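Asker:
Numbering (UniProt numbering), first residue to last: 1 to 223.
Next comes the structure, spelled out in structure tokens:
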């Protein structure tokens with residue numbers, strides 16, 4: 001699925017770092033590329049494999065290729081797609097038997113979305129989602145690797161996805177582009193579809209703060 005093509009220049013990124021544990025991203029909408037950018041950034045350094053349990057067709061090949069610095073970035077990414085809540089829960093239940101030591105990242109976008117569908121009763125949906133979130137949390141602990149989920153909406157299912165997370169990253173779409181808000185993270189730029197709009201913190205970090213100069217003191221002369 002992932003072929004080898006010449007590398008593109010590495011872009012300047014300004015994204016939160018994913019630490020081991022469960023991180024939930026709250027993107028501006030379910031089809032946003034905010035999650036794809038975090039995945040590409042995490043995998044850009046190379047290393048072990050990554051696993052993506054897909055919901056709502058978030059694993060868009062073109063979106064992933066567009067934000068990855070090279071095709072090799074995605075060469076270790078394994079994608080499994082779910083179309084119902086039962087399929088999604090089953091794939092996550094299988095993850096502990098599929099992943100291996102050295103896994104770099106586990107991704108479960110739109111983690112609560114399929115559990116809202118009408119083909120599963122509310123009680124069963126809540127139970128299945130809680131089990132899936134529990135497996136993801138245990139996987140993050142066992143592998144000591146980042147597990148990235150995403151959730152949209154304000155309902156109880158989205159709240160459960162947030163509650164189980166060790167960290168929450170919010171992403172908003174502004175007139176300058178996508179911006180991320182995470183603990184300990186200060187954005188220094190905004191992605192605007194092909195280029196980055198820098199901010200004052202970026203230049204302060206690059207060149208340092210400007211020290212204000214005090215005006216010279218003219219000594220008084222007494223006749």
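All C-beta atoms, glycine included, are put in the ideal place defined by N, C-alpha and C. Bear in mind the structure is a predicted one, so any value in this text is a computation, not a measurement.
1) Quick one: which unbroken beta strand (DSSP E) runs of 3-plus residues sit fully inside the segment 26-66? Chain order, please.
2) Can you find the residues in the same chain that come closer than 7 Å, C-beta to C-beta, to residue 29, ignoring five residues on each side of it along the sequence?
3) Just to confirm my understanding: we take residue 132, look at its own chain, exclude 5 residues before and 5 after, and list those with CB closer than 6 Å. What are they?
4) In chain order, what residues of the same chain lie with their CB nearer than 7 Å to the CB of residue 110, ignoring the 5 residues before and after it?
5) According to DSSP, which residues form a beta bridge with residue 103?
6) Using DSSP's beta-bridge definition, name the partner residues of residue 172.
7) If I'm right that residue 112 touches residue 21 with Cβ under 8 Å, what's the distance once you round it to whole angstroms?
8) Name the DSSP bridge partner or partners of residue 108?
9) For residue 25 and residue 171, which I take to be in contact (beta-carbon distance under 8 Å), what is that distance rounded to the nearest angstrom?
10) DSSP three-state label for residue 120, please.
11) Under 8 Å, do residue 35 and residue 18 count as touching if we go by C-beta distance?
12) Per DSSP, which one or two residues make a beta bridge with residue 81?
13) With a CB to CB cut of under 8 Å and the five nearest residues on each side skipped, what residues in its chain are close to residue 27?
14) Around the Cβ of residue 162, are there at least 16 other Cβ atoms within 10 angstroms (buried) or fewer (exposed)?
15) Can the beta-carbon of residue 159 be found less than 8 Å from the beta-carbon of residue 183?
16) By Cβ distance, which residues of its chain are closer than 7 Å to residue 46, with the 5 residues on each side in sequence left out?
17) Below 8 Å CB to CB, which residues in the same chain sit around residue 15 once its five sequence neighbours on both sides are set aside?
18) With residue 160 as the anchor, note down where its alpha helix (DSSP H) starts and where it stops.
19) Which residue from 122, 43 and 164 puts its Cα closest to that of residue 102?
20) Can you say whether residue 120 is buried or exposed, counting buried as having 16 or more other CB atoms within 10 angstroms of its CB?
21) Starting from the C-beta of residue 63, find all residues in its chain whose C-beta is less than 6 Å away, skip the five residues before and the five after it, and write them out in chain order.
Answerer: Walking through what the data contain:
1) 50-55
2) Stepping through the chain shown from its first residue, residue 29 is reached at position 29. Correct list, in chain order: 152.
3) Here residue 132 refers to the residue found at position 132 of the chain shown. Here the set comprises 89 and 92.
4) Translated into the one-based positions of the chain shown, residue 110 becomes position 110. Excluding sequence neighbours, residue 110 sits near 30, 55, 56, 58 and 150.
5) Counting from 1 along the chain shown, the entry for residue 103 is found at position 103. Paired residue(s): none; residue 103 is not in a bridge.
6) Residue 172 sits at position 172 when you count from the first residue of the chain shown. Looking at the DSSP assignment, residue 172 forms a beta bridge with 179.
7) Residue mapping note: residue 112 aligns to position 112 of the chain shown, counting from 1. Residue mapping note: residue 21 aligns to position 21 of the chain shown, counting from 1. Contact flag wrong, Cβ pair sits at about 19 Å.
8) Here the question's residue 108 lines up with position 108 in the chain shown. The partner list for residue 108 (beta bridge, DSSP) reads 149.
9) Sequence index remark: in the chain shown, residue 25 carries index 25 (1-based). Sequence index remark: in the chain shown, residue 171 carries index 171 (1-based). That pair is a contact at about 6 Å.
10) Looking up residue 120 in the chain shown gives position 120. Of the three classes helix, strand and coil, the one that applies to residue 120 here is coil, per DSSP.
11) On the chain shown, position 35 is the one that residue 35 refers to. On the chain shown, position 18 is the one that residue 18 refers to. Contact flag unset, no.
12) Start at 1 with the first residue of the chain shown, and residue 81 comes out as number 81. Answer by DSSP bridge pairing, in chain order: 54.
13) Position 27 of the chain shown, counted from the first residue, corresponds to residue 27. Closer than 8 Å at the Cβ level, and outside the excluded window around residue 27, lie 34, 35, 150, 152 and 171.
14) Here the question's residue 162 lines up with position 162 in the chain shown. So residue 162 ends up on the exposed side.
15) The residue labelled residue 159 in the question sits at position 159 within the chain shown. The residue labelled residue 183 in the question sits at position 183 within the chain shown. No, they are not a contact pair.
16) Translated into the one-based positions of the chain shown, residue 46 becomes position 46. Closer than 7 Å at the Cβ level, and outside the excluded window around residue 46, lies no residue.
17) Here the question's residue 15 lines up with position 15 in the chain shown. Answer for residue 15: 37, 38, 41 and 180, listed in chain order.
18) If you number the chain shown from 1, residue 160 lands on position 160. That run of the alpha helix (DSSP H) goes 156-163.
19) In the chain shown, the residue the question calls residue 102 occupies position 102. The option with the nearest alpha carbon to residue 102 is 43.
20) Within the chain shown, the letter at position 120 stands for residue 120. That one is buried.
21) Taking the chain shown and counting its residues from 1, one reaches residue 63 at position 63. Around residue 63: 33 and 36.
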